[in-house]
Structure formats: C-alpha cells, structure tokens
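Let me begin by presenting the structure, written as structure tokens, before commenting on it.
Number of protein chains: 2
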Amino acid sequence: MADSESISLRSSNCIVEIPERCPWTLINIPFGVFTHERNMDEPHIATAIGSFVVDLNRFVGHFSSFSFDTQTLKQPTLNDFMQLDRTCWQEVRRVIQQQLTDSSSVLAAQKSDIMFPMDECTMLMPARIGDYTDFYSSIWHATNVGKLFRSEEEALKPNWLHMPVGYHGRASSVVVSGTNINRPMGQLMPKGATAPIWGSCNLLDFEVEVAAFYGGKPNDMGRRITIEEAPDHVFGVVLMNDWSARDIQKWEYVPLGPFNGKNFATTISPWIVTMDALELFKCDMIPQNQQGKVPLPYLQSDALTSYDVNLGVSLTTAKGTSEQLGKTNTCNLYWTFTQQLTHHSSSGCPMKPGDLLGSGTISGRNHGEYGSMLELCSYSDSGEKKAWSFPYTLSDGDSRTSIQDGDTITMTGFCQKGDLFLGFGECTGLVLPPRLIAKQ
Amino acid sequence: MADSESISLRSSNCIVEIPERCPWTLINIPFGVFTHERNMDEPHIATAIGSFVVDLNRFVGHFSSFSFDTQTLKQPTLNDFMQLDRTCWQEVRRVIQQQLTDSSSVLAAQKSDIMFPMDECTMLMPARIGDYTDFYSSIWHATNVGKLFRSEEEALKPNWLHMPVGYHGRASSVVVSGTNINRPMGQLMPKGATAPIWGSCNLLDFEVEVAAFYGGKPNDMGRRITIEEAPDHVFGVVLMNDWSARDIQKWEYVPLGPFNGKNFATTISPWIVTMDALELFKCDMIPQNQQGKVPLPYLQSDALTSYDVNLGVSLTTAKGTSEQLGKTNTCNLYWTFTQQLTHHSSSGCPMKPGDLLGSGTISGRNHGEYGSMLELCSYSDSGEKKAWSFPYTLSDGDSRTSIQDGDTITMTGFCQKGDLFLGFGECTGLVLPPRLIAKQ
C-alpha cells in the first residue's frame, strides 16, 4: 500500500464513525459470516466497519463489474470465495474501501439495506473447515515447555529448528467464539497410581494461538506447494484458543501425539483478517539460524516475514473479576505461515480452501508473556521452574493453577503502527462442567 | 439372522448368478457410490450383487413404502443415508435382499434399467470424510513394533492396554482404491548425519487396516457416546491401506505424532460392508485382561465382539510378478470398533456421519501374518529381530525391503463360515515416482 492510500484510508475518511481502537478500520476489511434474525433466513458473508456488519451478499448485488463470479459471495460460508485467486480477494477489498470512503457511493445510499449494527448480528463459523492442523512454531513456548523436562540447551527437540513441527487436529471440534465449552471427561493417570481412572479433566488449559485459512486453488494430491507459491495460499488469520486437557493429554500422547486432550474444543474468532491487511504490519523474523541450524532450501525465500500482532489473554471468573493472564506477539513465531504450509504440503498432502493451520501456542520468553497456564504456573516470576505448582493470584484473592468451571477465557489481538490500527476482535469461551448423561 | 433367513439368502436363490467366492453375495449387500459413463451425469449410490452394480438411486424410485426419506439415497455420497438410524439401513438391506430373491420382483423386471455390469462402472469415494482418525489397535502389530525398540515385556507402552490409542489423520488424503500414489518427498535424517536432507522417501511402506464409517446422528459437542450406544453408530467397514513414509515419520514424529509420513495418501476400498452383514461372522475377542490390565467400565459391555475377517496383502511388481506378502485377520484387533468410537467421543469430541476410524495396522504374531514391510523386514523367518534388514525375496529373484516405484499393493478381505461367504473387494494402489515440479 502506498502512503497516499494509507492516508485516504484514515478513519476520518470513512462514511461511518470508527471509534478509537475499534478493530474494524478501513485498513482491516476482514471477512466473516453472520446472521441477522429479522433480515435473513440463511447466513451471509460480510465484512466489518466501525460498529457495523456489512452484508456482502447484498453488497455485491449492486455491482456488475467484478471480474469473478460473485455467487461465491452469496454462499453461507467463505469456502467458495476462498478458492478464488488472491487478486479477487484484493479486488473486493479495494471496492469495499472505495465505497466506504465515498459519501456518494452505492453503499452510502443503500446503507440501511446493507449495513447492520454489529450488536444485532450473530457471528458464525466463517468457513467449513475440511482439515485442521496445529503447529508448534513459537520458539519461546517450545523452549519454556522443553525446559520443564530437559536442560535449557536441550529444550528444543532435534527436529524443531529444521521444520515446523505439527500434527493433525480434529476439524469437527473447531467452534466459533462465544461457544460454551464443556470440561472434558477422560482417562487420567493420577500421580503415584498404578492404573488410570475415569474422571473429569483436572488440568484444563488454554493456548493462545493464531490460525491461517488456506485459500486459492487446492493442490492436486502429490503436487506440493512451493515456498514461492505459498503466500498466494494464505487467505487470512484468526485468533485461536486451543483448549487443552493436560492430564488427559499426558497419559494418552505417547507415541502418537495429542488426541482426546485436544479434540473436545478449539475456539476461533469469527472475523478473518486478510494478509493484505496485515501487510502493513510486517516485522523482522527471529533469525532462522539458531544453534547454527539453517532451514533447508525448500523452506527458504526472500519473501519470508513475521507480523507484529499484539495478543492478549484474560480470565473472567464467575464472580466477574477480570484479569489479564498474558501478553504476547506473533513475532514470537519462529516459523512463518508460508513455511508451515510449504512443509505441510511437501509430502504431496492435498490442501483445500477452508483448511485451517494453527500456529501453536505463542509465548514470549518471560513471565507475563506466556500463552498457557502450563507455563504460567510452572515458572515463578523470577523464572524458577517447578512442575505446575505456582498458582496465579487473582485480584479478588482467589487463585488458579488451571481453568475452573465458570471461567471465561478471552483472547484479543491488534496491530498498531503510528496512526494505523486494526483489530481481530475477540476469541472467547465460557467453561462449563462436563455434560453428564443418564447412562454412565 | 435366523437360520431360515440365511438359507433363503443362499446364492442359488438369487436372480443373478453369483460365482464361487464372489464378494457380492446376498448376505453382503454393501453400499458404495459409482458412475457409469453412458447412463448418468452424477455419482449414484449403489449396492453390488454377483457381477452387477445395483443403482439404488433408481431402485428406490420404484418403491413408495420406505419409512424414511429416500432422497438420502439420491445423493452423490452416502453421508445423508449414513445419518439415518440403523433401522433404516436394515430396512433397505431387507428390501434389496427380498427383491434379489424374487424372480417376479420389481428389480427383476427393471433389471436393465437398474443393474449395470460391474466392469462398466467406476467406483468413487463412498462418503465425504469429515474427519479421519487412525487407531493402533492390533496387539500383535503393537508388540512386533514395540519389540524392535524395547524388550518383549515392555513392548506395549503403559497406556496401550488401557485405551485404544489413536491419532487424528488427514481426511483430504483419503482416496478410493485404484488411485495412483506418488512417492512423497520430505525431510529425512540419514543414519549418522548431523543435519537432515530433502529428498524422496526411501522407506515407503503399506499398512493393512480396516476402517469403520460413523453412522447415525452426530453427537452434540461435549456429549459423549456410551459403549451401549456405539453399535448403532458403526455404519460399516472398508479395507484400508495406510501408506507410510517410515523415514519421514521417524524424523518428524517426536513429540506430536505422525504427520507428513502419513498425510500423502491413505487408500480405502469402495464398498462399505455393513455391520449387519458382518453379524454372521462374530468371533471371540482376545481376552481384555492382558498383563492383568482390565479396561475401565466406560469401555466395557456384554455386546463387545470381534469379527472373523480374513485379510491378505499382495505386491505386484512392474514386471507383473505377484506375491502374497501377508495374511492376517481382524480378530488380531484387541480393541473393538465400538470401543474406539466410545473412547474417541469420551472427551465430548463431535462425531459426524462419514467420519472414518481406522483400526491401525493388523498383524498376527508370526512371520507371514504381518501387516507392514516394517515388520516383514525387521524379523527373520525364525523371529530374530534386526532393524529393517531382512529383504523379502520375490519369486522372480528380485527382493524388497520397502515398496518401489511401479509396485502395486493390493489388499483383499473375506468372511467365510460354512456355506456363507462375503468379500470386501479390493483396496489397491500403484506407486509412482514423486511428482517433480519445475520450481524446486
């Protein structure tokens, strides 16, 4: 974006008011899916501006000049639109921005028909997720966790600095922000016991992540996506809370990885912030030569970049007390979205529009920058390590070593650079007790 | 099935000829999806009898008396039909069987319109797979693999006898029998090297498995499926080859499990054999008290059963030589389909019609009963163990320690009990070299 463009996209030029620190600015233009009880029978694709949802299903009906099939924007999910080329996503973005900065535009004239107050709308899953993958790409998180079991020098497993390590997750359990989460039941191996028991998870945790949606054409099975092609296949990014049942996970995960400790719920924020929006907030990467280990050529490109997205996670108790648990940033990711995608498809694995790639828990190096209770409660303020025994003290005098029933975990994210600001909205979920059923 | 029913379902009572050892008998009535070039624009749901495909899309049009919405059988995949109750699946099965044994039936009269010679038809994926999970439930396979790394006494990991250990696989890479498989590329850590290289998989393997399709209503997230409910949620079973890149897998899988070593391809047979068909071939389970370890009550039920399905795997080389590599049986599974499903959903994980649950490699205890090259080439005929160094000698004098380009791996399965016989057809795939792309 040229400077002149970013000036014309100042909030003061918008046809609707954009409050200070509102996530939905002219440089954002995220994509999502919503319903409005009185106005539609089925979900519509939308963008957000100020305190309004802009119904893109109705919006595109007013324009005949789009270069692509606008039926893709009249679907109940974004999958078909995601399958178009990046140039089409950019075209829609430009037209929306132009319409939102022109008081004589079609959108301005049709405002009451096309724009709805956000608080009247219900946000839904933005896409049908075909497959969901979760990576483990934050170097500080991997180090913080590794140090609990090994020395600092050996904290990272031998493969970690050579590839974005990841695993296949459960697509059916990815839900939209606001969905209540039942504490899972499962097999637990109590400390010192010789046999497992059946019971409620006792170590429920959150994980602060972001996740990228695959866009563009699917690759044929067997045909990998190169690091040069990858940028055109990242549609955009959401916040993600990868809820984790640490005690279930600990007993089950050797040798095949996380399973029931993860597949009970993963929450994402509803608005997808595009890579074109994030373009303004590129930042330096952590040099990819740690311990003298440099990625293989198939993962290298001059276009690699990190992004400066500020992330926060807070806990609100049933009593209403709200506490910030951690602040972190996507620049703590060692591996980029494009490297994750390139590595994932390097086997020939078929990728489809709507597939979701989670970053893995994003933590900083220090206390206050952790993206999980596992880290928060295993290290003291001064960095002393213990096995999950430092309770986090809340301002109402209560404390936590794990998430309790009635707790709400909320993640937020924003980018700021001078006058330029955009946000991701919220990714939130309330934890409820396990769902008991008559037949145990 | 009462004895009188099984007598009336003898092949001699069928309106079409059923050759000796033909998989598609009156007691089978599998479900699949096919196309016929000259006769239809889109895929139709079907069953198989003798050497014919029976078009169920057209078949149901002749009956108004079904108790359920027959539109579910007029779809291009089985997902909607799978979502009905088990009683509906049974109803269709009964009507088909009745029509196939009555020479004055509607089906007999409309044969030329409804039935197609199988060799004119192309079989497709029977369902859209939402999520695909792979278990590790054969006790001999887990023991054979464990013994390569540990002592016989410690071959099974501590959790193995307490739960069906499993992991989430990649749904997008599950393909129907007959699909060619490109050898994957990936990161490999050569023996003695200090850094990984990029290259073609050198240790391509097959895994003999069966896989169950989930049927019936989805469970709400958080609401687990009990062991008593589970039998009504297993629609049926297919053969599965879980292609594995052992060298890629070895370097990547710690700590999060298999990833690119698996997600390049998984092949399934096209015809789903229902649990009602398999009912006749129940057999005793391996007693679930090995090493004195008994499953927790949530995994116990009087209705647990094993099935006597004979499995075979063969290799056909580019020269045309064909060799049987192994013979095994599903009775080598320690954990049942219903236990796998119950454990999977015990966290509250949402299960949907069309979800696929693989059994894990099925091996017997001895040479000749192995379900993978990993086992075949790590143990001598006399049981001596080595790290993957015993080549398998082919009758043309050639030998294999892993699958080569040009090799075709074919799995078959059948059940036999006295006069009663049914088959699963074939699960086959030809291995091709990696797909090279201009831009490396």
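Protein sequence lines correspond, in order, to chains A and B. Throughout the first sequence, residue numbering follows our numbering, covering 180 to 619 in sequence. Throughout the second sequence, residue numbering follows our numbering, covering 180 to 619 in sequence. Where a beta carbon is used, it is the ideal one built from N, C-alpha and C, also for glycine.
Check                                                                                                                                                               : Outcome
If we define contact as Cβ-Cβ less than 7 Å, is Leu263(B) a contact residue for chain A?                                                                            : no
Using a Cβ-Cβ cutoff of less than 8 Å, which residues in the same chain neighbour Ala287(B) once the five nearest sequence positions on both sides are dropped?     : Ile194, Gln278 and Asp281
Looking at the C-beta of Arg349(A), does it have a partner C-beta in chain B at a distance below 7 Å?                                                               : yes
Would you tell me roughly how many angstroms separate the C-alpha atoms of Cys380(A) and Arg189(B), rounded to the nearest one?                                     : 52 Å
Starting from Ile541(A), find everything on chain B with Cβ-Cβ shorter than 8 Å and list it in chain order.                                                         : Those do not exist, as Ile541(A) stays about 16 Å from chain B at its closest Cβ, beyond 8 Å.
Using 8 Å as the threshold, is the stretch 334-343 of chain A in touch with the stretch 483-500 of chain A, meaning 3 or more CB pairs across them?                 : no
Is any beta-carbon of chain B found at less than 7 Å from that of Gly166(A)?                                                                                        : No answer is possible for residue 166(A): the residues shown for chain A start at 180 and end at 619.
Kindly give me the distance between the Cβ atoms of Ile588(A) and Ser526(B), rounded to whole angstroms, as I take these residues to be in contact under 8 Å.       : Wrong, their Cβ atoms sit about 18 Å apart, outside the cutoff.
Since Thr517(A) is in the alpha helix (DSSP H), which residue starts that stretch and which ends it?                                                                : Phe516 to Ser524
Using the Cα positions of Ser493(B) and Thr358(B), report the straight-line distance between them to the nearest angstrom.                                          : 17 Å
What in chain A is Cβ-close to His692(B), meaning under 8 Å?                                                                                                        : A query on residue 692(B) cannot be resolved here, the shown segment of chain B reaching from 180 to 619 and no further.
Hey, could you find the ends of the beta strand (DSSP E) Ile447(A) is sitting in?                                                                                   : Thr445 to Ile447
Could you confirm whether any beta carbon from chain A is found closer than 7 Å to the beta carbon of Gly309(B)?                                                    : yes
Please return the same chain residues whose Cβ sits closer than 8 Å to the Cβ of Ser542(B), not counting the five positions on each side in sequence.               : Ser317, Trp319, His320, Asn323, Val387, Gly505, Thr507, Asn511, Glu548, Tyr549, Gly550, Ser551 and Glu554
When DSSP builds the beta bridges, which residues end up paired with Asn420(B)?                                                                                     : Val387(B) and Thr446(B)
Does Phe328(A) have its Cβ less than 7 Å from a Cβ in chain B?                                                                                                      : no
Report the rounded CA-to-CA distance for Gln519(A) versus Ser581(B), giving the unit in angstroms.                                                                  : 29 Å
Beta carbons nearer than 7 Å to chain A: which residues of the stretch 242-261 of chain B have them?                                                                : none
Looking only at its chain, what residues have a beta carbon closer than 6 Å to the beta carbon of Asp232(A), apart from the 5 residues adjacent to it on each side? : Asp is not the amino acid found at residue 232(A); the sequence shown has Val there. Phe213, Ala225, Phe295, Met297 and Cys300.
To test your reading of the DSSP string, which unbroken alpha helix (DSSP H) runs of 4 or more residues are found completely within the stretch 442-515 of chain A? : 454-457
7 Å is my cut-off, CB to CB: does Pro363(A) come that close to chain B?                                                                                             : yes
Where are the alpha helix (DSSP H) runs, 4 residues long or more, that stay fully inside the stretch 245-280 of chain B, in chain order?                            : 258-261 and 265-279
Helix, strand or coil for Gln595(B) per DSSP?                                                                                                                       : strand
Considering only the alpha carbon of each residue, which of Phe438(A), Lys336(A), Met454(A) and Phe443(A) lies closest to Trp422(A)?                                : Phe443(A)
Gly692(B) and Leu335(B) look like a contact to me (Cβ under 8 Å); what is the Cβ gap, rounded to whole Å?                                                           : Outside the displayed span of chain B (180 to 619) sits residue 692(B), for which this structure offers no information.
Leaving out the 5 sequence neighbours to the left and right, which residues in its chain are closer than 6 Å to Leu609(B) when beta-carbon positions are compared?  : Asn359 and Thr587
How far does the alpha helix (DSSP H) with Ser291(B) in it extend, from its first residue to its last?                                                              : Lys290 to Ile293
From Pro570(A), Ser187(A), Phe260(A) and Leu205(A), pick the residue whose C-alpha is nearest to that of Ser246(A); which is it?                                    : Phe260(A)
Look up Asp313(B) in the DSSP assignment and say whether it is helix, strand or coil.                                                                               : strand
Within a Cβ cutoff of 8 Å, which residues of the same chain sit near Ala566(A), ignoring the five residues on either side of it in sequence?                        : Leu327 and Ser557
Is it buried or exposed, Gly562(B), if we count other Cβ atoms within 10 angstroms and call 16 or more buried?                                                      : exposed
Comparing the C-beta of Trp514(B) with each C-beta of chain A, is any distance below 7 Å?                                                                           : no
When burial is assigned at 16 or more other CB atoms within 10 Å of the CB, is Glu431(B) buried or exposed?                                                         : buried
Use the C-beta contact count for Lys396(A): other C-beta atoms within 10 angstroms, 16 or more gives buried, fewer gives exposed.                                   : exposed
Output the distance between the C-alpha atoms of Gln254(B) and Asp560(A), rounded to the nearest integer angstrom.                                                  : 60 Å
Quick one: which unbroken beta strand (DSSP E) runs of 3-plus residues sit fully inside the stretch 292-372 of chain B? Chain order, please.                        : 294-296, 300-303, 311-314, 345-347, 353-355 and 364-367
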